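Position 286, counted from 1, in the sequence shown is what the numbering used here calls 287; the numbers after and before it change by one each time, with no gaps.
For each residue, glycine too, the CB sits at the ideal point set by N, CA and C.
Predicted, not measured: the structure shown is a model, and the values here were computed from it.
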Amino acid sequence: MKEQLSSRFMVYLVALSSAVGLGNLWKFPTLTGENGGAAFVFIYILSTFIVGIPLLICEFTMGRSTKSDVSTVFTKLRAHKAWNIVSWISILANFLILVFYTVIVGWVYTYLLKAIKGQLSNPSPEALDATFSSMTNSYGSFIAQAFVIIVVGFILYKGIAKGIEAALRILSPIFLVLLMIVFFNSIRLDGFGEAMNFLFKFDLSAITPAVIVSALGLAFFKLSIGSAAMITYGSYFTKDTDIPKTAVTVAFADVVVSLLAGMALFPVVFTFGLQPTQGAGLLFNTVPLAFANLPGGNIFTIAFFALAAIIGTTATVALLQVQYAVICEKVSGSKLFKVALLGGILLGISFLTMFPFSVFGNITFAGEVLFDFVDTVSSDYLLPLAGLFIAIFVGWIMKHTIIHDELGNNKIIRAWLFTVRYIVPIIVVLVFLNGIGIIKF
Ligand code: PHE
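So this is what it looks like as structure tokens:
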């Protein structure tokens, strides 16, 4: 019998544990800064609602109706063998995300340790910048990543229900409260007004093809769509889980967390004269400054990185369990062996590619080092590609009896199906063609 989640609240939490992660705290601010702010934010939100939610409903439905994960979902839906290619695209995207995501979770663990040791209290912008670059350039970041993989491997080894349910129930509300504290603290900063303009006041001319591709990619990455994680989590849903409602709630909460993170961090950027375009270090260079002026500020810095570490870890669990399902299909052996094998492969590939000291760490593709290249290819191309095929599959191929059995048949469901059949594919294809310069709009 397949494991099922114990309550409706848990369904939300588990889906959120895959969606909310360092995508909100790290990727959203980084990309927003690099892409000039409001126009990017606007397209990201639009993509979430028009493309993200319909696809999330697709993935949940595929998961629950088959009670299976990505490796067998198409077979169980009696699809032609060729559809398994879509599974493989998802699995590849998922793996590539893991390769860099675990590095960033490692950075968060490292900053948590630094905060505990008091090394981040009373910092200056210059000192923080130096701390960040020396960390990313050191072997310590690899060790931290290895530690992350061990922690996540352990959670996986223990099983989803026992491993994450208990922790999430307590920690999610604490995380939200803490994010609100950073936000309210930032309101008092001089740069708050400028940050709000940066995030929300846009002119249409700022919407470029590159901004659109990147914002759509973020919407996929944020909701974990195209990476098969939500198919697996959908398979744990019970018959009384309201899938559309769950999808809307998860997407909405996820956007709110991203915006809160943006509104908490960008005031610090503008108050202290940092560069919004600074890239990967933005989260790490702002949080300690945000709290520096508060009494007992270091406690908040510790708490913030502790919670960032937790949500980064749970999102990694969502990723890794997809790979675990694949390994279980292909390799026999004990659970421990499989988890260790997976962790070993992941670490090995990261070691060769992701760090400045790696053998291939400084090779560039399309002007990006492998770290950025892998991030861009997975989020901006592979996830949307898998999403496109999933929309086509659910919209045109999957039996409508299954769909209506899972979701009912009312006006909303019919509107959703229309969106999945026509709107999602057209948007994704247009964004691709526009992004690679074949058409211009
Ligand atoms: N959605 C997660 C985040 O934003 C990352 C993720 C992507 C998790 C794909 C699972 C699958 O941090």
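Check your understanding: Short check: CB of G396 to CB of V421, under 8 angstroms?
Key -> yes
Review point. Can you find a C-beta in chain C that's less than 8 angstroms from the C-beta of F143?
Key: Within the model displayed, chain C is absent; a lone protein chain is all it includes.
Check your understanding: Do you know offhand how far F273's Cα is from C59's?
Key -> 44 angstroms
Practice item. Starting from T365, follow its DSSP beta bridges and name the residues at the other end. Key: V370
Exercise for review: Inspect the CB distances between the stretch 111-120 and the stretch 252-268 and report whether three or more fall short of 8 angstroms.
Suggested key: no
Exercise for review: Go ahead and label M2 buried or exposed: buried means 16 or more other beta carbons lie within 10 angstroms of its beta carbon, across all protein chains shown.
Suggested key: Note that M2 scores a pLDDT of 44, beneath 50, so its modelled location is shaky and nothing firm can be said.
Review point. Do you know whose CA, among A392, L217 and V432, lies nearest W84's CA?
Key: A392
**Study point:** Backbone secondary structure at M399 - three-state DSSP
**Key:** coil
Check your understanding: Using the rule of at least 16 other Cβ atoms within 10 Å of the residue's Cβ for burial, across every protein chain shown, is I171 buried or exposed?
Key -> Label assigned to I171: exposed.
**Study point:** Cβ-based burial, K400 [other Cβ within 10 Å; buried from 16]
**Key:** Residue environment: K400 is assigned as exposed (fewer than 16 neighbouring CB atoms within 10 Å of its CB, all protein chains considered).
Check your understanding: Quick one: what does DSSP say I439 is sitting in, helix, strand or coil?
Key -> coil
Check your understanding: Is S122 helix, strand or coil when you go by DSSP?
Key -> coil
**Study point:** Touch test, the stretch 321-334 against the stretch 226-244, Cβ-Cβ under 8 angstroms, three pairs minimum
**Key:** yes
Point to revise | Touching by the beta-carbon criterion (3+ pairs, under 8 angstroms), the stretch 68-87 and the stretch 352-363 | key: no
**Study point:** Of the listed residues E127, L337 and A316, nearest to F101 (C-alpha basis)
**Key:** A316
**Study point:** Closer than 7 angstroms: I98 CB and nearest ligand 1 heavy atom
**Key:** yes
Review point. Which residues in the same chain have their Cβ closer than 8 angstroms to the Cβ of P426, if we skip the five residues on either side of it in sequence?
Key: L389, A392, I393 and G396
Exercise for review: For the stretch 298-352, list the alpha helix (DSSP H) runs that are entirely contained and at least 4 residues long, ordered along the chain.
Suggested key: 298-331
Check your understanding: Of all the alpha helix (DSSP H) runs that stay within the bounds of the stretch 128-212, which reach a length of 4 or more residues?
Key -> 140-159, 167-188 and 193-201
Check your understanding: Roughly how many angstroms separate the alpha carbons of F96 and I364, rounded to a whole number?
Key -> 20 angstroms
Review point. Taking C-alpha atoms, which residue in S19, F433 and T62 lies nearest to I244?
Key: Of the candidates S19, F433 and T62, the one whose C-alpha sits nearest the C-alpha of I244 is T62.
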